[in-house]
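S.K.: When the letters of the sequence shown are read in order and numbered with this note's numbering, they come out as residues 4 to 292.
All C-beta atoms, glycine included, are put in the ideal place defined by N, C-alpha and C.
Just so you know, these numbers come straight off a predicted model, no measurement behind them.
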Amino acid sequence: MSIASTPNASAEADDAPLVVGSHTLASRLIVGTGRYDTMEQMRDSLDASGADCVTVAVRRERLYDRGGKNILDFIDLDRYTLLPNTAGCYTAADAIRAAKLGREILKTLGNSGADWVKLEVLGDSKTLLPDPAETVAACRELAADGFQVLCYTSDCPVTARRLKEAGAASVMPAGSPIGSGQGLLNPNNLRIILEYLKEDDPDYPVIIDAGVGTASDVSQAFELGGDAVLLNTAIAHARDPVLMAKAMKHAAIAGRHAFRAGRIPKRLYGTASSPAEGVISTRPYGSNA
């Protein structure tokens with residue numbers, strides 16, 4: 004396994020790379036390719052993010068924009084590992100079919116992402132929350148078929164544990180609903196998920212996915228202990244997507260460093276930062292005491 008060379012690599016040189024199944028990534032930020040105004044804007048935003056893995060919806064009609072441009076013509080396949088996803092699927096059967104389609108497309112392209120998939124099986128078109136039963140069923144079948152499955156799920160610790168037991172290479176709990184920009188609504192549940200999934204395997208990758216609105220959300224996800232963050236809308240729908248992509252890159256680095264450094268505990272009362280020993284005593288003016 005080789006670490007992809009990206010602008011982020013030097014900044015992360017003192018940290019272990021992100022390992023998901025058989026894939027090793029230099030950057031811990033994974034970005035999506037949808038919802039940009041133009042393909043050129045998407046290309047420039049991907050570059051600014053420092054990511055070396057990008058996720059692509061693999062249903063054929065989504066590979067082309069309204070002008071007939073193929074998204075793959077704007078992604079450097081020598082630089083990026085593609086992570087095909089099953090976005091828009093509402094049943095296990097549809098998701099499995101889309102995953103297999105993605106595998107065939109990426110095999111044809113010779114991209115190393117052919118053997119993995121980001122699994123999304125939605126239960127509701129309004130909230131875009133996942134269907135836990137269909138997701139577990141699809142994960143189990145895809146893992147048995149040789150896929151390395153990265154599973155999008157809610158922030159339910161029980162479902163997260165079941166997905167790992169079903170063979171998921173990574174569990175990807177949502178910070179909040181897809182595209183909502185609400186950030187991490189329930190950090191306590193994310194902490195529990197991290198505890199459950201890492202208690203027997205500290206290196207098991209947990210990727211925070213969905214709901215990110217701005218750079219501080221990315222930092223918070225890493226400070227909680229998340230191994231990576233996947234996002235799309237927060238960049239694509241920002242007023243300046245390229246600038247926001249740069250912000251997300253730096254937020255990921257800062258949050259990861261802060262987690263590894265270990266924050267101070269929160270206290271009710273203040274604690275002086277200067278030592279109390281050797282303090283010069285003060286005496287009333289004119290006193291000889």
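Does the Cβ of Glu-202 have 16 or more other Cβ atoms within 10 Å, making it buried, or fewer, making it exposed?
M.R.: Residue numbering aside, residue 202 sits at position 199 when the sequence shown is read from its first letter. Label assigned to Glu-202: exposed.
S.K.: Quick check on DSSP: helix, strand or coil for Thr-138?
M.R.: By one-based count along the sequence shown, residue 138 stands at place 135. Here Thr-138 sits in helix by DSSP.
S.K.: Among Ile-33, Ala-140, Glu-198, Glu-123, which has the Cα closest to the Cα of Val-215?
M.R.: Sequence index remark: in the sequence shown, residue 215 carries index 212 (1-based). Comparing Cα-Cα distances from Val-215 to each of Ile-33, Ala-140, Glu-198, Glu-123, the minimum goes to Ile-33.
S.K.: What first and last residue would you give for the beta strand (DSSP E) that runs through Leu-131?
M.R.: Reading the sequence shown from its first residue, position 128 is the one you call residue 131. That residue, Leu-131, is in no beta strand (DSSP E); it is neither H nor E in DSSP.
S.K.: Check the C-beta distance from Gly-116 over to Thr-84 and give it rounded, since I have them as a contact under 8 angstroms.
M.R.: Within the sequence shown, numbered from 1, the residue matching residue 116 stands at position 113. Within the sequence shown, numbered from 1, the residue matching residue 84 stands at position 81. So it is a contact: roughly 5 angstroms between Cβ atoms.
S.K.: So, at 7 angstroms on beta carbons, what are the nonlocal neighbours of Thr-162 in its own chain, with the 5 sequence-adjacent residues on each side left out?
M.R.: Indexing the sequence shown from 1 puts residue 162 at position 159. Pro-135, Thr-156, listed in sequence order.
S.K.: Do the CB positions of Ala-169 and Val-221 come within less than 8 angstroms of each other?
M.R.: By 1-based counting over the sequence shown, the position of residue 169 is 166. By 1-based counting over the sequence shown, the position of residue 221 is 218. Taking 8 angstroms as the Cβ cut-off, Ala-169 and Val-221 do not qualify as a contacting pair.
S.K.: Could you tell me the distance, in whole angstroms, from the CA atom of Lys-167 to the CA atom of Ala-257?
M.R.: The sequence position of residue 167 within the sequence shown is 164, counting from 1. The sequence position of residue 257 within the sequence shown is 254, counting from 1. Computed Cα separation, rounded: 28 angstroms.
S.K.: What span of residues does the beta strand (DSSP E) with Gly-186 cover, start to end?
M.R.: One-based indexing of the sequence shown puts residue 186 at position 183. That residue, Gly-186, is in no beta strand (DSSP E); it is neither H nor E in DSSP.
S.K.: Span of the beta strand (DSSP E) holding Thr-1?
M.R.: Since the displayed the chain opens at 4 and closes at 292, residue 1 lies outside it and no answer follows.
S.K.: Which of helix, strand or coil does DSSP assign to Leu-80?
M.R.: For the purposes of this step, residue 80 is taken as residue 77 along the sequence shown, with counting starting at 1. Coil.
S.K.: Which stretch, first to last residue, makes up the beta strand (DSSP E) that contains Leu-21?
M.R.: On the sequence shown, residue 21 is found 18 positions in, with the first residue counted as 1. Element bounds for Leu-21: 21-23.
S.K.: Would you call Thr-130 buried or exposed, if buried means 16 or more other Cβ atoms sit within 10 Å of its Cβ?
M.R.: One-based indexing of the sequence shown puts residue 130 at position 127. Thr-130 is exposed by the Cβ-count criterion.
S.K.: Under 8 angstroms, do Ile-108 and Pro-160 count as touching if we go by C-beta distance?
M.R.: Residue mapping note: residue 108 aligns to position 105 of the sequence shown, counting from 1. Residue mapping note: residue 160 aligns to position 157 of the sequence shown, counting from 1. Cβ atoms of Ile-108 and Pro-160: not closer than 8 angstroms.
S.K.: How long is the line joining the alpha carbons of Asn-114 and Ala-98, rounded to whole angstroms?
M.R.: What you label residue 114 is simply residue 111 of the sequence shown in a count that begins at 1. What you label residue 98 is simply residue 95 of the sequence shown in a count that begins at 1. Using only the alpha carbons, I get a separation of about 21 angstroms.
S.K.: What span of residues does the beta strand (DSSP E) with Lys-167 cover, start to end?
M.R.: Taking the first residue of the sequence shown as 1, we reach residue 167 at position 164. Run containing Lys-167: none in the beta strand (DSSP E); it sits in the alpha helix (DSSP H), 160-168.
S.K.: Quick check on Ser-219: does DSSP put it in helix, strand or coil?
M.R.: Along the sequence shown, one-based indexing puts residue 219 at 216. In the structure shown, Ser-219 sits in a helix (DSSP, three-state: H, G or I).
S.K.: Can you tell me whether Gly-273 is helix, strand or coil according to DSSP?
M.R.: Position 270 of the sequence shown, counted from the first residue, corresponds to residue 273. Looking at Gly-273 - three-state DSSP - the assignment turns out to be coil, as it is neither helix nor strand.
S.K.: Between the C-alpha atoms of Val-209 and Ala-264, what's the straight-line distance to the nearest angstrom?
M.R.: Indexing the sequence shown from 1 puts residue 209 at position 206. Indexing the sequence shown from 1 puts residue 264 at position 261. Taking the straight line joining both Cα atoms gives about 19 angstroms.
S.K.: Restricting to Cα atoms, I'd like to know which of Leu-233, Met-247, Thr-274 is closest to Leu-122.
M.R.: One-based indexing of the sequence shown puts residue 122 at position 119. Cα-wise, what sits closest to Leu-122 is Leu-233.
S.K.: Do Ala-51 and Val-245 have their C-beta atoms within less than 8 angstroms of each other?
M.R.: Counted from its first residue, the sequence shown places residue 51 at position 48. Counted from its first residue, the sequence shown places residue 245 at position 242. Against a cut-off of 8 angstroms, the Cβ pair of Val-245 and Ala-51 comes out as a contact.
S.K.: Contact defined as beta carbons within less than 8 angstroms: I believe Arg-38 pairs with Thr-236. What is the distance between those atoms, to the nearest angstrom?
M.R.: Taking the sequence shown and counting its residues from 1, the one referred to as residue 38 is at position 35. Taking the sequence shown and counting its residues from 1, the one referred to as residue 236 is at position 233. About 6 angstroms separates the two Cβ atoms, so the contact holds.
S.K.: Distance, Cα to Cα, Phe-225 vs Asp-17?
M.R.: Position 222 of the sequence shown, counted from the start, is the residue given in the question as residue 225. Position 14 of the sequence shown, counted from the start, is the residue given in the question as residue 17. Their backbone Cα atoms lie some 16 angstroms apart in a straight line.
S.K.: Just to confirm, are Cys-56 and Leu-86 a CB contact at a threshold of 8 angstroms?
M.R.: To locate residue 56, count along the sequence shown from 1; it is residue 53. To locate residue 86, count along the sequence shown from 1; it is residue 83. The answer is yes: Cβ separation under 8 angstroms.
S.K.: With which residues is Ala-60 paired in a DSSP beta bridge?
M.R.: As a first step, residue 60 must be located in the sequence shown, where it is residue number 57. Ala-60 is bridged to Asn-88.
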